[in-house]
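Working notes for the structure below.
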């Protein structure tokens, strides 16, 4: 069992979980916390409607992508370092902490 000590933060707990159970179970567990039925809300839509050139989030889910698609906006979606190299001059949606659908997130030491 992975336990959080009194003075440890959640990044340490996530690192311990990853080390004890492995990458596959780590991502499977995190994905189970965001149900497939999760839907964007009005705030996601309102932010996308601002018609800004670049949108930056630390969210790992795909709720902003749902709003972008619904509003018919075109963003170059950047989920990882490799996406930056192929990025064009279009508006960018940058997922600073990665994306769960790519098993590439920032959430451990």
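Residue numbers (our numbering): 435 to 543. Beta carbons: idealized from backbone N, C-alpha and C, even for Gly.
Query, Result
"Run through the DSSP bridge pairs and tell me what residue 491 is partnered with.", "529"
"Quick check on the DSSP output: the alpha helix (DSSP H) that includes residue 453 runs from which residue to which?", "444-455"
"To which residues does DSSP link residue 511 through a beta bridge?", "527"
"In three-state terms, what does DSSP make of residue 538?", "strand"
"Would residue 511 pass as a contact of residue 518 if the rule is Cβ separation under 8 Å?", "no"
"Answer yes or no: do residue 542 and residue 461 have a C-beta to C-beta separation smaller than 8 Å?", "no"
"Return the first residue and the last residue of the alpha helix (DSSP H) that residue 501 is part of.", "497-505"
"Find the nearest neighbour of residue 484 within the set 467, 472, 475, 507, judged by alpha-carbon distance.", "507"
"Quick test of your reading: residue 514 and residue 536, contact by CB under 8 Å. State the CB separation rounded to the nearest angstrom.", "6 Å"
"Measuring straight from C-alpha to C-alpha, what distance separates residue 528 and residue 487?", "11 Å"
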